[in-house]
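Asks: In UniProt numbering, the protein residues as written are 1 to 957. Structure in structure tokens, see below.
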């Protein structure tokens, strides 16, 4: 608190003034008298003591007192007053008080003020009065009183003292006001501030000191007592400065402060320095850089070194490249990879860019994983791939980027078979390896199948030798053989087809005594034997000739005879686990028990009906370690849950086909109970397609569909119905091989007396299920064919939801009325026609899976038939809108939702495309700027824009 005095002119009466004032105007009754204080020092006083006279009214007034901007002033008076009782003979009108008044005025020269114009401040009484004795003893009992005047607004005021009959002496009058002193708080300076009137707080805005700036507007309140209250906000030191008490000092060399909100200067991060004071950031050393988005506190970094340990795997015209991260990451964690592809001539000297015909999965640039698959390469060609490792400062460095080069050769083909040796049940082959192998040959792969039945069953064998004997073949049967080599660089092409036939043989049937004596073996019995053995007509004739001498028409007596059945190849039939009295026996019969110590679980990849699904590794004795998927049965299971869980293993264990998920084994002798299957790197087909929308060729999609159909034909031939065939239940491995999985809902064929099953919980996947299965719970291989048609639609549309947003009831009603899904965008006519064939209402009119495989194989051999599209993109969009929406599409948001591109609504809005008029002339470059980078999405949007241009900005649907 600071006090400034506004005093009177007469210094011998009042203390020294802040400002000169004119002398007070005194009434005649008040006298100026000099007296001695207790120290015998003379002092001047104004006194009046007319107590002997009645009706006293004595006034003493000051000159004009300037208030200096103060709204509230204080008056301190010191005075003495005599006790009326000590005055003998005084009348009863004697007083022991006096009054104090003020008059506010802008006029400093008033000599006369009416008594009625004054405003009373207070009546002043003495705490102590003196007597005659005190006067004799010179004891002065001095009183001090302080009063205040508030809410002053004019230039100044006059003070006046009124005596009504007291014996009083004014010793001192001091007039002053209070103010809050200059101060610095939170790096903000607050000036001298005069207090407010009537006890009000005065808000004061502070000013930031030297090198500071406002963080939040600094404010404080000056109280009526001259104290600072309620500090709000603060200032902070600017970048390059730190706070030191009440000021900001510059950062020393070798330190910096990047932000005003940082409290103190800090040491320069690694590989950077500052040589001058006041540094707001440290300069990177030579060879090191800091990206624009890097915080200033981050160490300077450098580009990474080249990738290491590159591995190339060639699969015909597809190459998978894998590598290890760079040894030196440059001090950063944002490592990405980019590839450059060049096709080289035979002498490996002239190389040119690969062009747009080559596709990279998942992408060519900005890869976050150390693996890429390159498809659609030319056969019998040399390619050079440069793999660059990049980070956030690679573009800032003038030095060459860390890169490694990989050279591969596609389509290394095994020569034709040189010789063979045949017997009734085996064939021995020999072949010559490829002329120019891409690295050392690791092994050969032999695939064979019965002629004209490739789609049914084929077998794959592997050997390190170029000679192989294939055993267990059918006598008198023609087989087709093909061979390919696998080198350190991957698989090559299969060689040409070689047809070889096993030799014929006769079957001698064994009989035991079980026919009653004297009974003839009739022609019906011989026919039964022939049928049971499943032999050809020639074999049946041989049987007849063979049996004729043994069984004459009228044998004298015969022992009882019966037939021991002969199991021939190709007659395997699915056995449902529920037919076992003991379900555990089914697990023992069809699933191999694995020691839990051979399994290493690495991470959780999902959750199933019964527990977690993990990925891990399996290493069996004498075999190499492989990646596997592990389904675990959660704790607290019941016996029924355990049986249901293991029933899937009992089903999978009966299948052996390259397009059916392979069961590795089970763990049942310890907890947790586990099912171990092969690991499919790319997960479910629907998710995989959505992630790579528009990135595959039609031939690749047809190849996926062919694999699914082949697996389903295998199941159908085993009298097995899947019942939940959908893209979500198809798994994809790293080589894009599709495999059927999820056998939890499967049932036997319709000719079984127990065929009319309901699904678990009574739930049916309506969008994938045939009409008869929905209506009558009649599941057959024909209902699986219907579901396969839906899967075809999912694949060609890259995982779009069948029937879009229609409800299940609407789907059932639409199908019953003859509605079928329209062709997806860019769908070939032949594929959509095959879908429609699968969706025939009569199940007997639908194709068999064998016919579907044959049809797809013809399309793969003759891809020209895939060029004719079912309809234009414009018609496709209109058909879809007709099924989903009624009314008008009048906004960008509605338009994007209608064409299933709603995920880009914010991208369009942020780029300023808020009306349909604004999108009519959008280009592919503008789509790329809006992060619409998938080729399929770009094509769909641009095609729809053409539709908008044709019909106007309001699309009638």
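From the three backbone atoms N, C-alpha and C, an ideal C-beta is built for every residue, glycine too.
Given this structure, state the Cα-to-Cα distance separating residue 319 from residue 492, to the nearest angstrom.
Replies: Approximately 10 Å between the Cα atoms of the pair.
Asks: Measuring alpha carbon to alpha carbon, tell me which of 408, 55, 68 ends up nearest residue 93.
Replies: Cα-wise, what sits closest to residue 93 is 55.
Asks: Please report the straight-line C-alpha distance between residue 872 and residue 314, rounded to a whole angstrom.
Replies: Note that residue 872 scores 43 on pLDDT, short of 50, meaning its location in the model is unreliable and no value can be drawn from it.
Asks: For residue 772, report the span of its alpha helix (DSSP H) as first-last.
Replies: Where residue 772 is concerned, the enclosing alpha helix (DSSP H) stretches over 771-776.
Asks: Determine, using beta-carbon pairs with one atom in the region 326-338 and one in the region 384-391, whether at least three such pairs fall under 8 Å.
Replies: The region 326-338 vs the region 384-391: in contact.
Asks: State the CB to CB distance for the pair residue 596 and residue 670, rounded to an integer number of angstroms; the pair is presumed to be in contact (CB under 8 Å).
Replies: Indeed, because the Cβ distance is near 5 Å, the residues count as touching under 8 Å.
Asks: With distances taken between CB atoms, is the gap from residue 674 to residue 633 smaller than 9 Å?
Replies: Contact flag set, yes.
Asks: Is it buried or exposed, residue 259, if we count other Cβ atoms within 10 angstroms and call 16 or more buried?
Replies: That one is exposed.
Asks: Compute the distance between the beta-carbons of residue 942 and residue 928, then report whether it is under 9 Å.
Replies: No; because the gap between Cβ atoms is not below 9 Å, this pair is not in contact.
Asks: Quick check: what's the CA-CA separation for residue 21 versus residue 62?
Replies: Note that residue 21 scores a pLDDT of 31, beneath 50, so its modelled location is shaky; the value from the coordinates is reported in the next line. About 9 Å.
Asks: Please determine, among 193, 290, 444, 791, the residue with the shortest C-alpha to C-alpha distance to residue 394.
Replies: Of the candidates 193, 290, 444, 791, the one whose C-alpha sits nearest the C-alpha of residue 394 is 290.
Asks: Take residue 742 and list the residues in its own chain whose beta-carbon comes closer than 7 Å to its own, dropping the five residues that flank it on each side.
Replies: Only 724, 729 meet the Cβ criterion.
Asks: My output table needs one value for residue 344: the three-state DSSP class, helix, strand or coil.
Replies: Of the three classes helix, strand and coil, the one that applies to residue 344 here is strand, per DSSP.
Asks: Could you check whether the region 421-431 touches the region 494-505, counting it as contact only if at least three pairs of C-beta atoms, one from each stretch, sit closer than 8 Å?
Replies: Contact between the region 421-431 and the region 494-505 is present, because at least three Cβ pairs lie under 8 Å.
Asks: Using 10 angstroms around the beta-carbon of residue 892, count the other beta-carbons present and answer buried if the total reaches 16, otherwise exposed.
Replies: So residue 892 ends up on the buried side.
Asks: Quick one: is residue 265 near chain C, going by C-beta distance under 9 Å?
Replies: Here chain C cannot be found, since the structure has a single protein chain.
Asks: Note the first and the last residue of the continuous alpha helix (DSSP H) segment covering residue 859.
Replies: 849-861 is the span of the alpha helix (DSSP H), which, as asked, contains residue 859.
Asks: Judging by CA-CA distance, which residue of 841, 151, 821 is the nearest neighbour of residue 832?
Replies: Checked all of 841, 151, 821; the closest Cα to residue 832 is 821.
Asks: Let me confirm a value: residue 71 is counted as buried when at least 16 other C-beta atoms fall within 10 Å, else exposed. Which label applies?
Replies: The residue in question, residue 71, is buried, as its Cβ has 16 or more Cβ neighbours within 10 Å.
Asks: Based on Cα-Cα distance, which residue from 169, 117, 866, 165 lies nearest to residue 158?
Replies: The candidate whose alpha carbon is nearest that of residue 158 is 117.
Asks: In or out: residue 295 buried (at least 16 other Cβ within 10 Å) or exposed?
Replies: Answer is exposed; the Cβ neighbour count stays below 16.
Asks: What's the C-alpha gap between residue 471 and residue 478?
Replies: Between residue 471 and residue 478, the C-alpha separation is close to 14 Å.
Asks: Under the rule that 16 or more other beta-carbon atoms within 10 Å means buried, what is residue 178, buried or exposed?
Replies: Buried.
Asks: Can you confirm whether the region 795-805 touches the region 843-862 when touching is taken to mean that 3 or more C-beta pairs between the two stretches lie within less than 8 Å?
Replies: No, the region 843-862 does not touch the region 795-805.
Asks: Between residue 374 and residue 360, what straight-line distance do the alpha-carbon atoms span, to the nearest angstrom?
Replies: Those two C-alpha atoms are separated by around 5 Å.
Asks: Tell me residue 228's beta-bridge partners as DSSP assigns them.
Replies: According to DSSP, residue 228 bridges with 222.
Asks: Determine the contact status of residue 176 and residue 182, defining contact as a CB-CB distance below 9 Å.
Replies: No, they are not a contact pair.
Asks: Name the two residues that bound the continuous alpha helix (DSSP H) containing residue 687.
Replies: It spans 685-691 - the alpha helix (DSSP H) in which residue 687 sits, taken as one unbroken run.
Asks: For residue 713, which three-state DSSP category applies?
Replies: In this structure, residue 713 counts as helix in the three-state DSSP scheme.
Asks: Our contact map puts residue 57 next to residue 164 with C-beta atoms below 8 Å; I'd like the distance itself, whole angstroms only.
Replies: At roughly 6 Å, the Cβ-Cβ gap stays under 8 Å, so residue 57 and residue 164 are in contact.
Asks: Which residues bound the beta strand (DSSP E) around residue 675?
Replies: Start and end: 674-678.
Asks: So, using beta-carbon positions, are residue 385 and residue 369 closer together than 9 Å?
Replies: Not a contact, by the Cβ cut-off of 9 Å.
Asks: Rounding to the nearest angstrom, what Cα-Cα distance links residue 582 and residue 647 in this structure?
Replies: Taking the straight line joining both Cα atoms gives about 11 Å.
Asks: Figure out for me which residue from 630, 684, 188, 602 has the closest Cα to the Cα of residue 594.
Replies: Among 630, 684, 188, 602, the Cα nearest to that of residue 594 is on 630.
Asks: Per DSSP, residue 870 is paired with what?
Replies: For residue 870, which the question treats as bridged, DSSP gives no partner whatsoever.
Asks: Between residue 276 and the rest of its own chain, which residues show a CB-CB distance below 7 Å, the 5 nearest in sequence each way excluded?
Replies: Excluding sequence neighbours, residue 276 sits near 253.
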